[in-house]
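Trainee: Going by our numbering, the letters in the sequence shown line up with residues 2 to 120, in that order. One structure is given below, represented as structure tokens, and several questions about it will come after.
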Amino acid sequence: APEEMKKELEKEAESFDVTVQEYAAATAHPTVIQLFASEGIDAGGYGGVCLKISCLDMGGEEVLTFPLNTDADDAQKLCGELAKMEGVSPAALQIINQRGERLRDCRTSLLSDFVSFDK
């Protein structure tokens, strides 16, 4: 089991482009952020509706509003912006949706699927 765990830690660290030691240090002091989808007015001037993600900290304070596109790398962009705003490594982020699922555990899905209400 220890070899399996070591491989898993190495894989996780690699996914954040950090060493295993940096990964362990970051995850030992997590920053929890909860995501909620909300509708906003489209800035394009057509009065259309666009989805935005409200990112709240544990105190319920909004840390970031992120425009939701359908880009495959939206989740990575969101993690990068949140890490910058919070002053932490992306590996320290524990991003949770309204269903209680961790973004880290749902890597293959689009961010729009992760925050949707009807899943």
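For each residue, glycine too, the CB sits at the ideal point set by N, CA and C. Note that the structure is predicted; figures quoted are calculated from it, not measured.
(1) What is the residue span of the alpha helix (DSSP H) that T28 lies within?
(2) Determine which residues share a DSSP beta bridge with L94 and list them.
(3) For V19, I'd like the list of residues in its chain whose CB is within less than 8 Å of its CB, leaving aside the five on either flank, ordered along the chain.
(4) Please classify A76 as buried or exposed, where buried requires at least 16 other C-beta atoms within 10 Å of its C-beta.
(5) Out of R103, S39, R100, A84, which has the shortest C-alpha to C-alpha gap to N70?
(6) With a Cβ-Cβ cutoff of 8 Å, do L83 and I34 count as a contact?
(7) Which stretch, first to last residue, makes up the beta strand (DSSP E) that contains V89?
(8) DSSP has P68 in a bridge; who is on the other side?
(9) Take the Cβ of I96 as the centre, count every other Cβ of all protein chains shown within 10 Å, and call the residue buried at 16 or more, exposed below.
(10) For N98 and L57, which I take to be in contact (beta-carbon distance under 8 Å), what is that distance rounded to the nearest angstrom?
(11) Could you pull the DSSP bridge partners for A38 from this structure?
(12) With distances taken from CA atoms, which of G60, V64, P68 is nearest L52?
Mentor: Taking the coordinates as given:
(1) Counting from one through the sequence shown, the residue named residue 28 turns up at place 27. Looking at the DSSP string, the run of the alpha helix (DSSP H) that includes T28 is 21 to 29.
(2) For the purposes of this step, residue 94 is taken as the residue at position 93 of the sequence shown. According to DSSP, which records beta bridges pairwise, L94 is partnered with T32.
(3) As a first step, residue 19 is located in the sequence shown; it is residue number 18 there, counting from the start. These residues qualify, in order along the chain: A27, S90, A92.
(4) In the sequence shown, the residue the question calls residue 76 occupies position 75. Under this definition A76 is a buried residue.
(5) Here residue 70 refers to the residue found at position 69 of the sequence shown. Per the Cα distances, S39.
(6) Here residue 83 corresponds to residue number 82 of the sequence shown, with the count starting at 1. Here residue 34 corresponds to residue number 33 of the sequence shown, with the count starting at 1. The answer is yes: Cβ separation under 8 Å.
(7) Locating residue 89 in the sequence shown gives position 88, where the first residue counts as 1. No beta strand (DSSP E) contains V89, which DSSP labels as neither H nor E.
(8) In the sequence shown, counting from the first residue as 1, residue 68 sits at position 67. DSSP output for P68 lists K53 as bridge partner(s).
(9) Walking along the sequence shown from the start, residue 96 turns up at place 95. So I96 ends up on the buried side.
(10) If you number the sequence shown from 1, residue 98 lands on position 97. If you number the sequence shown from 1, residue 57 lands on position 56. Actually they are not in contact, since the Cβ atoms of N98 and L57 sit about 12 Å apart, beyond 8 Å.
(11) Translated into the one-based positions of the sequence shown, residue 38 becomes position 37. A38 is bridged to I54.
(12) Looking up residue 52 in the sequence shown gives position 51. Selected option, being the one with the closest Cα: P68.
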